[in-house]
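Under my numbering, read the sequence shown as residues 487 to 695, first letter to last. We put the CB at the ideal spot given by N, CA and C, even for glycine. Nothing here was measured: the structure is a model prediction, and the numbers come from that model. To start, the structure itself, in structure tokens.
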Amino acid sequence: MPPARRGLARAIAGRRGIAGSELVLMAPVFFLILLATADLVRVFRAQIRMEMIAVQIGQIVSQCARITTPGDTSQFWSHAERIAGGVIDVNTATGGAMMITAMSRNNNANRLDWQVRTGNVSTSSLFGSEATPTPTIRGRAGQAFTIPESQTLFATEVYAIVQPWTLSAGLIGTALPSTLRGVTMFLSRSAEPARLQQRPTNSNARDCT
487 MPPARRGLAR AIAGRRGIAG SELVLMAPVF FLILLATADL VRVFRAQIRM EMIAVQIGQI
547 VSQCARITTP GDTSQFWSHA ERIAGGVIDV NTATGGAMMI TAMSRNNNAN RLDWQVRTGN
607 VSTSSLFGSE ATPTPTIRGR AGQAFTIPES QTLFATEVYA IVQPWTLSAG LIGTALPSTL
667 RGVTMFLSRS AEPARLQQRP TNSNARDCT
């Protein structure tokens, strides 16, 4: 082979070697980026499920003429788990939590009538607890909302803990929240909404579900 061709062949081989070395060096970076992207999709998917649970359970509760516990409430939690579909955990002491809060109007102030919950007991409700029976409700643009007279407002809150994968956590850092939340509020559609301001009846019967 002529010297010129041998030199060209060596140059091409050298470039291939450099390209191969660059690929080896960049492969872990590409892998981390791909993993972080998959983690982002997982979190967004979980957030969508959270909102679906809050909306669907909120609609069910708002149509109840009467609610029992554990007869109806256990069904609410079961429905939520089915909607979650394994994407998130809303019903264990170490993972997420779910709360249903009934509120009404007392003179010119909102009043928290009762609250039922499942899951992580350390998760706090946006509307407080029965120990603080004057909840602050914010409407659009952050304006305070007062429940209409003789109406019952149901708030459904769903919380899930979604931790980033170990390998992608270093890349994402704290860019994503570890606790996701879905919240909806519906006025009762019952013909007797004031009846639902009483704590759910202790019964295994299903009056609503």
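C-alpha gap between residue i and residue j, whole angstroms
i, j, result
"R685", "R597", "13 Å"
"Q637", "S689", "24 Å"
"A583", "Q561", "15 Å"
"F640", "F516", "47 Å"
"W563", "S611", "16 Å"
"T670", "I546", "12 Å"
"A570", "R603", "17 Å"
"T523", "A532", "14 Å"
"E643", "R667", "7 Å"
"R568", "I543", "11 Å"
"D599", "S664", "30 Å"
"R692", "G557", "5 Å"
"S548", "S615", "20 Å"
"R528", "E635", "42 Å"
"S676", "C694", "11 Å"
"T555", "M538", "23 Å"
"M585", "I534", "18 Å"
"I519", "M536", "26 Å"
"F613", "Q601", "10 Å"
Bridge partner(s) assigned by DSSP for residue i
i, result
"T670", "T642"
"I586", "V602, T642"
"I647", "T665"
"R685", "Answer is none; R685 lacks a bridge partner."
"R692", "Answer by DSSP bridge pairing: none, since R692 is not bridged."
Coil, strand or helix - residue i by DSSP
i, result
"I519", "helix"
"R675", "coil"
"A705", "Outside the modelled stretch of the chain, which goes from 487 to 695, sits residue 705, for which no answer is possible."
"A617", "coil"
"A680", "helix"
"A595", "strand"
Of the listed residues the options, nearest to residue i (C-alpha basis)
i, options, result
"A595", "G557, I543, A630, L666", "A630"
"E678", "I534, R667, R552", "R552"
"N592", "A524, V541, I539, Q683", "Q683"
"S590", "E567, I623, G581, S608", "I623"
"V648", "T620, T618, F530", "F530"
"T620", "T609, G605, S664, A588", "A588"
"L673", "L520, I633, A617, E537", "I633"
"A680", "V541, C550, S615, A566", "C550"
"G581", "A646, Q601, D525, P514", "A646"
"D540", "T559, G605, T609, A566", "A small fix is needed here, since residue 540 is Ala in this sequence, not Asp. Taking only the C-alpha atoms, the option nearest A540 is A566."
Task: Start-end ranges of the alpha helix (DSSP H) lying completely within the segment 527-584, minimum 4 residues - done: Every unbroken stretch of the alpha helix (DSSP H) spanning 4 or more residues and falling wholly within the segment 527-584 is given here in chain order: 559-570.
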